[in-house]
Ligand SMILES: NC(=O)c1ccc[n+]([C@@H]2O[C@H](COP(=O)([O-])OP(=O)(O)OC[C@H]3O[C@@H](n4cnc5c(N)ncnc54)[C@H](O)[C@@H]3O)[C@@H](O)[C@H]2O)c1
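In my numbering, the protein residues as written are 57 to 372.
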């Protein structure tokens with residue numbers, strides 16, 4: 057299928073921009089990601105409801121201004137560990153018209169469970185931020201500022217519900233990348249799941265070298281292994297939940313490692329020192345055009361009337 061071309065325009069809007077009523081937001085799971093989202097929305101003046109099975113996480117969120125409840129409407133954000141994402145709504149009262157999104161690191165399994173159950177009310181998402189810390193003590197209201205936030209647009213996704221999720225991401229300072237669950241999982245295997253596996257392998261291999269190697273470890277070792285400090289349960293659920301794309305991405309790394317070292321070092325250097333500019337674009341609020349923007353490496357930064365504004369990489 058041919059992609060809809062991205063129409064670029066840096067001009068401002070020529071029509072009045074309607075005020076979009078902000079839907080109420082409920083966050084289930086008030087740990088690092090959910091607590092940070094709730095805190096950022098509260099800081100932006102938005103009423104936020106929340107729930108967590110951990111009383112300490114509930115207390116911490118309440119102290120930041122989150123209304124603790126088990127009743128939700130509007131937009132419901134599931135910010136719980138991956139293994140409980142499909143069951144976290146059980147025991148809660150959720151309005152039958154509520155839009156439900158999640159922020160899990162793998163999208164296909166959630167689409168197959170929650171998506172199958174909730175139909176077009178479910179819109180998957182994944183903010184590309186977070187640290188190796190976890191729990192409510194790791195909450196940071198600035199966590200999403202400047203981050204990319206993948207928001208899934210499947211064939212049966214209702215544009216209005218997709219927008220509800222996108223608008224919350226934009227409200228906390230993120231840039232929205234339209235994707236399908238499948239495209240997302242293939243992409244994050246390469247840039248997140250394999251780096252977690254490699255960080256673990258680097259750390260384990262260095263330990264095998266003995267105490268002298270660990271005593272001399274400095275910047276490059278720390279950068280390469282930082283994410284190995286993440287909660288092992290979180291990383292295991294993530295890589296096992298995306299096993300086939302992660303294995304394929306790992307195989308590409310192994311192929312790279314077989315190249316002559318000078319060639320490999322030069323190729324990697326070229327990728328990470330590339331600094332493409334940003335070409336502003338305006339894209340219609342329509343699935344094919346939005347997905348084309350995401351595939352081009354671009355993102356949405358603002359919603360207008362029937363359009364969104366954003367950018368695509370510009371090599372110059
Ligand atoms: N950590 C990251 O870097 C990162 C980045 C992007 C997305 N994610 C995704 O975000 C989600 C949450 O990750 P996190 O790092 O915030 O984890 P976290 O451990 O910091 O927080 C999870 C919270 O969910 C609560 N919880 C567990 N089961 C629950 C249930 N049934 N109902 C309500 N609350 C429940 C826990 O008590 C905890 O407070 C995961 O799905 C993860 O894949 C994580």
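Ideal placement from N, C-alpha and C gives every residue a C-beta, glycine not left out. All figures in this text were calculated on a predicted structure; none of them were measured in a lab.
### Query
Does the distance from the C-beta atom of residue 132 to that of residue 104 stay below 7 angstroms?
No, these two residues do not count as a Cβ contact at 7 angstroms.
### Anticipated Cβ contact below 8 angstroms, residue 295 with residue 253, distance rounded
The Cβ separation is near 6 angstroms, so the contact holds.
### Message
Here's the rule I'm using: 16 or more other beta-carbon atoms within 10 Å means buried, otherwise exposed. How should residue 126 be labelled?
### Response
A residue is called buried once 16 or more other Cβ atoms fall within 10 Å of its Cβ, and residue 126, having fewer, is exposed.
### Query
Once you ignore the five residues that flank residue 320 on each side, which residues in its own chain have a CB closer than 8 angstroms to its CB?
Result list for residue 320: 312 and 313, in chain order.
### Query
Should residue 144 be listed as close to ligand 1, given that the test is whether its C-beta is under 6 angstroms from any heavy atom?
It does: the Cβ of residue 144 is within 6 angstroms (strictly closer) of some heavy atom of ligand 1.
### Query
Is the beta carbon of residue 160 within less than 6 angstroms of some heavy atom of ligand 1?
Result yes, Cβ under 6 angstroms from ligand 1.
#### Entry: Contact check, residue 179 vs residue 157, beta carbons under 7 angstroms
For residue 179 and residue 157, yes; Cβs fall inside 7 angstroms.
### Message
Whether or not the region 274-287 and the region 338-350 are in contact is what I'm after, with contact meaning three or more pairs of Cβ atoms, one per stretch, closer than 8 angstroms; do they touch?
### Response
Taking a cut-off of 8 angstroms on C-beta distances, the region 338-350 does not touch the region 274-287, as fewer than three cross pairs fall below it.
### Query
For residue 115, which three-state DSSP category applies?
DSSP, reduced to helix, strand and coil, places residue 115 within a helical segment of the structure shown.
### Message
Check whether the region 190-205 and the region 86-100 touch, using three or more Cβ-Cβ pairs below 8 angstroms as the test.
### Response
The region 190-205 is in contact with the region 86-100.
### Query
Going by Cα to Cα distance, which pick from 207, 202 and 174 is closest to residue 182?
Closest by alpha carbon: 207.
### Message
Along the chain, where does the beta strand (DSSP E) containing residue 105 start, and where does it finish?
### Response
Per DSSP, the unbroken beta strand (DSSP E) holding residue 105 starts and ends at 104-107.
### Message
Can you tell me whether residue 217 is buried or exposed? The criterion is at least 16 other CB atoms within 10 Å of its CB, across all chains shown.
### Response
By the neighbour-count criterion, in which 16 or more other beta carbons inside 10 Å mark a residue as buried, residue 217 falls on the buried side.
### Query
Just to confirm, does residue 254 get its C-beta within under 6 angstroms of one of the non-hydrogen atoms of ligand 1?
With a threshold of 6 angstroms, the Cβ atom of residue 254 does not count as near ligand 1, since no heavy atom of the ligand is closer than that.
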